[in-house]
Every structure is written in structure tokens, then in C-alpha cells.
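**Student:** Heads up: the sequence shown at position 296 corresponds to 550 in the working numbering, and the numbers run straight through without jumps. For every residue, glycine included, the Cβ atom is placed at its ideal position computed from N, Cα and C.
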Amino acid sequence: MAETPLADAARDLIENRAVMLTRMGEDGAIEVRDATMPAPHDDGIVIRVEAASVNPVDWKIRDGAAPFLDEDDLPAPIGRDCAGTIALLGPAAHNMLSIGQRVMAHVGGFDRGGQARFVRVDATEFTAIPDSVSTIDAGAVGLIGTTAWQGLFDHGRLEAGQSVLIHGGAGGVGHLAVQLARIKGATVYATCSGKDVAFVESLGAKMAIDYEAQDFEDVVSEMDLVFDLIGGAVQERSLAVIRDGGTLITTIAESDTVEAPPGIRVESYMARADNGVLAAILDHMKDATLRVEVGKTFPLDAAQDAYVHNREGHDRGKTVLLT
Ligand SMILES: NC(=O)c1ccc[n+]([C@@H]2O[C@H](COP(=O)([O-])OP(=O)(O)OC[C@H]3O[C@@H](n4cnc5c(N)ncnc54)[C@H](OP(=O)(O)O)[C@@H]3O)[C@@H](O)[C@H]2O)c1
Numbered sequence: 255m256a257e258t259p260l261a262d263a264a265r266d267l268i269e270n271r272a273v274m275l276t277r278m279g280e281d282g283a284i285e286v287r288d289a290t291m292p293a294p295h296d297d298g299i300v301i302r303v304e305a306a307s308v309n310p311v312d313w314k315i316r317d318g319a320a321p322f323l324d325e326d327d328l329p330a331p332i333g334r335d336c337a338g339t340i341a342l343l344g345p346a347a348h349n350m351l352s353i354g355q356r357v358m359a360h361v362g363g364f365d366r367g368g369q370a371r372f373v374r375v376d377a378t379e380f381t382a383i384p385d386s387v388s389t390i391d392a393g394a395v396g397l398i399g400t401t402a403w404q405g406l407f408d409h410g411r412l413e414a415g416q417s418v419l420i421h422g423g424a425g426g427v428g429h430l431a432v433q434l435a436r437i438k439g440a441t442v443y444a445t446c447s448g449k450d451v452a453f454v455e456s457l458g459a460k461m462a463i464d465y466e467a468q469d470f471e472d473v474v475s476e477m478d479l480v481f482d483l484i485g486g487a488v489q490e491r492s493l494a495v496i497r498d499g500g501t502l503i504t505t506i507a508e509s510d511t512v513e514a515p516p517g518i519r520v521e522s523y524m525a526r527a528d529n530g531v532l533a534a535i536l537d538h539m540k541d542a543t544l545r546v547e548v549g550k551t552f553p554l555d556a557a558q559d560a561y562v563h564n565r566e567g568h569d570r571g572k573t574v575l576l577t
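1. With contact counted as at least three CB pairs below 8 Å, one residue from each stretch, are the segment 403-418 and the segment 378-394 in contact?
2. Would you say the beta carbon of I420 comes nearer than 7 Å to a heavy atom of ligand 1?
3. Return yes when the Cβ of A462 is within less than 8 Å of the Cβ of E455, no when it is not.
4. Just list the residues that DSSP pairs L343 with in beta bridges.
5. Between which two residues does the alpha helix (DSSP H) carrying Y561 extend?
6. Are the beta-carbon atoms belonging to L502 and D482 less than 8 Å from one another?
7. Taking all protein chains shown into account, decide if T505 is buried (16 or more other Cβ within 10 angstroms of its Cβ) or exposed.
8. Which of the three DSSP states, helix, strand or coil, is assigned to N529?
9. Spatial neighbours of A459 within its chain, please: C-beta separation below 7 Å, excluding the five flanking residues on both sides.
10. What did DSSP end up calling H538 once you bin it into helix, strand or coil?
11. Any idea which residues DSSP pairs Y443 with across the strands?
12. Give the secondary structure of K285 by DSSP, where H, G and I count as helix, E and B as strand, and everything else as coil.
13. Say yes only if the C-beta of Y523 is nearer than 7 Å to one or more non-hydrogen atoms of ligand 1, and no if none qualify.
14. Using DSSP with H/G/I as helix, E/B as strand and the rest coil, what is P310?
15. Hey, out of L412, G425, S352 and E513, whose CA is closest to D478's CA?
16. Which residues in the same chain have their Cβ closer than 7 Å to the Cβ of G517, if we skip the five residues on either side of it in sequence?
17. Given the structure, does G425 come close to ligand 1, in the sense that its CB is under 7 Å from one of the ligand's heavy atoms?
18. Between R316, A527, S307 and M358, which lies nearest to P608 when the distance is taken from Cα to Cα?
19. For ligand 1, is there any heavy atom lying closer than 7 Å to the beta carbon of T505?
20. What is the C-beta distance between I608 and C336, in whole angstroms, given that I count them as a contact (C-beta under 8 Å)?
Here you go:
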């Protein structure tokens, strides 16, 4: 018997598919599989995901280079953020929430993944999307938004009138950090590759430094804050351009972090899901004072290609999966 459009719609409501990590290693398998339909917890929700971003942490986990999952956890879902509509409400969900409402989330726990058709999120992990912000843009901004905000303001304590050097200013976290620091009233310098200099300056950097053509030590000095999204030698060299009493904040794992020399505070951190920060980010996006650059989109079933693109593409802007 031929299936009716109603049957298709019903299937859409109950069938989940998710990007799953099935084994570790650089040639490790990302598979898009049928998955169980999640149920909302207490005051949480289940999101019918429409857009979810790919972040470097996803392929670092796949490659065994990030300590958040190990072989015993596999198969495991992947993806740190997403946007879509509310599909299910928890029994204690806020009475202002409704089925079908557009929301976005930073998925906090590694037991869940945003790269799926449905994902459960807790009340502290999601916020409503303003009308003027697209679902794709909202789906691209969850992890990078909280990372940039918490790095600059919670850990970096950046104030108006201060100077900040952002390493990796054209990347996902970096291009938001450049804009957020500019909105705060800081003077922003950023490193990036030559192809991205004009882009980073268009976001509000006083100067973008082409890291392939120029040493940043020859350009900046006495920075109040260095926000490091690159690590390694870049992190070490940065100590020379920070003023006495200044700060280096890095997103790169603790084991790689340089020791704090006298007079300079050095801190690494892990971004944590915070719906207050998400709401503040979207508030800036609502009136276009903050924009997220979406690079290439892929269908969910092409997640494998999206990971390759994100790891090797060198194009600026977020890689986004559409479900
Ligand atoms: N701790 C946390 O909670 C947390 C959260 C989010 C991200 N992270 C980490 O933070 C890092 C940045 O994340 P992301 O999402 O922004 O990555 P991304 O989108 O891949 O951006 C990285 C950027 O750095 C540029 N780049 C490469 N080498 C550089 C150098 N030597 N100097 C300056 N720029 C350089 C890249 O451009 P080209 O390729 O064109 O050179 C790219 O624009 C990643 O390692 C990620 O895993 C950590």
C-alpha cells in the first residue's frame, strides 16, 4: 500500500538518526545510524535538530586526541551544539516554552550529541532563537559562542579600553572573540592567515597580523590579554607581548599549557554550557552587531565529508550539518 504524506510526517516525528563514533583513531569511523528517540528530563526538552555545527573537538575525539571519550564509551554520539525546534517538553519544563518553538543549544554532556535529528538538552543548555536570527546561524554558534565569551570575559576579565591579542582570529571561536572584544570596547589585534586579514579587520580588529608573513612580536607589545586558540609555540611566544600583570587565556588542553611566569596569569579552561551566555550572544546577533560566518553546509548523512572538510578545509567560517 502506498504511504501517505501523513505517514511520512509521523515517521519524521519518531525516527532518530545520529552521527555516531564507532571506533577511535585517525581512520576511525563516523557513521550516521538510526538511534533511539531521547526523552526529556525534568525541566529539559528534546530538540528536533535542523542545524548542528562541526567543531575541531569532534574530530579530535574521533582521532583519540581529546580525553572526553574512550573506547569503552563507544558507540557514542557526537556534536556539541545545534538549533531547531522543541519536539518534546519535560514534565517540569518552563510554562513559557512550547512545542515547535525555535531554540538552540550548547550540548554539555558527552553522553549526547547535537549531530542528530533529535537530542535531549537540559534547561541550562538551551535558549530561544530571536526571529531575526536564522536557524543555521544559531546552530553554528553554540560552542564557539560560549567559548569566546567565557575566555574573554569570565577567565580573561577583559574590560573596555584594554588591549587584547587573539590568536586564530578568523576561526570559529576567534571570529566571534574579535567581535565580542570590539563590542566590549577593547582594542583588538588578531593573528590569522593572509587570506583572512581583510575579513578579520572587517570584524573590528584594529590590526590583523598575517602569521605566515609576520611575527606578532614585531607588531604588538604590552597586551593586557592574549586569548590563545592555537597553543604550542604560539602560546609560548605570547608571554613576551603581555604586560606585567597581564593575562594569557588558552583553550588548548592543560598539558600543553605554558607555566605562568611571575607577573603573568596563565589559565586554560573548558567551555561549559550556559544558557545565559547563549542568550547574550543571540541578543548581539539579533540586531546584527555580532555575526557568525557559516562556511559550508552538508546533509547529516554526509557527516564524514563534513569532518574532512572541517579538519583540512582552511576555509573560514563554520561547517554546519543540516538534518
Ligand atoms: N577548551 C575549550 O573549551 C575549547 C572550545 C572550543 C574550541 N577549542 C579549541 O580551540 C581551538 C580553536 O577552535 P576553533 O573552533 O576556533 O577552530 P577553527 O575554526 O579550526 O579555527 C582555527 C583558526 O586558526 C587559524 N590558524 C591556524 N594556525 C594558526 C596560527 N599559527 N596563527 C594564527 N591562526 C592560525 C586557522 O586558519 P588557517 O587554517 O587558514 O591557518 C583557523 O582560522 C581548537 O583547537 C579547538 O579544539 C577549545
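**Tutor:** Reading off the structure:
1. Output reads no: the segment 378-394 does not touch the segment 403-418.
2. Along the sequence shown, read from residue 1 onward, the residue named residue 420 stands at position 166. Distances taken from the Cβ of I420 to the heavy atoms of ligand 1 include none shorter than 7 Å.
3. For the purposes of this step, residue 455 is identified with residue 201 of the sequence shown, where counting begins at 1. For the purposes of this step, residue 462 is identified with residue 208 of the sequence shown, where counting begins at 1. Cβ atoms of E455 and A462: closer than 8 Å.
4. Against the sequence shown, residue 343 aligns to sequence position 89. Under the DSSP definition of a beta bridge, L343 partners with I299.
5. What you label residue 561 is simply residue 307 of the sequence shown in a count that begins at 1. For Y561, the enclosing alpha helix (DSSP H) begins and ends at A557 to E566.
6. In the sequence shown, the residue the question calls residue 502 occupies position 248. In the sequence shown, the residue the question calls residue 482 occupies position 228. Contact flag set, yes.
7. On the sequence shown, residue 505 is found 251 positions in, with the first residue counted as 1. Buried: at least 16 other Cβ atoms inside 10 Å.
8. For the purposes of this step, residue 529 is taken as the residue at position 275 of the sequence shown. Helix at N529.
9. The residue given as residue 459 occupies position 205 in the sequence shown. Listed in chain order, the non-local C-beta contacts of A459 below 7 Å within the same chain comprise G423, V432, V442, Y443 and A444, local neighbours out to five positions each way being set aside.
10. Here residue 538 is taken as the residue at index 284 of the sequence shown, counted from 1. In this structure, H538 counts as helix in the three-state DSSP scheme.
11. Your numbering for residue 443 matches position 189 in the sequence shown. Per DSSP, L419 and M461.
12. Stepping through the sequence shown from its first residue, residue 285 is reached at position 31. The sequence given here has Glu at residue 285, not Lys. Strand, per DSSP.
13. Sequence index remark: in the sequence shown, residue 523 carries index 269 (1-based). Distances from the CB of Y523 to the heavy atoms of ligand 1 include at least one below 7 Å.
14. By one-based count along the sequence shown, residue 310 stands at place 56. Helix at P310.
15. Here residue 478 is taken as the residue at index 224 of the sequence shown, counted from 1. The shortest Cα separation from D478 among L412, G425, S352 and E513 belongs to L412.
16. To locate residue 517, count along the sequence shown from 1; it is residue 263. Only D498 and G499 meet the Cβ criterion.
17. To locate residue 425, count along the sequence shown from 1; it is residue 171. Yes.
18. With the chain running from 255 to 577 in the structure shown, residue 608 is simply not present.
19. Counting from 1 along the sequence shown, the entry for residue 505 is found at position 251. For ligand 1, at least one heavy atom lies less than 7 Å from the Cβ of T505.
20. A query on residue 608 cannot be resolved here, the shown segment of the chain reaching from 255 to 577 and no further.
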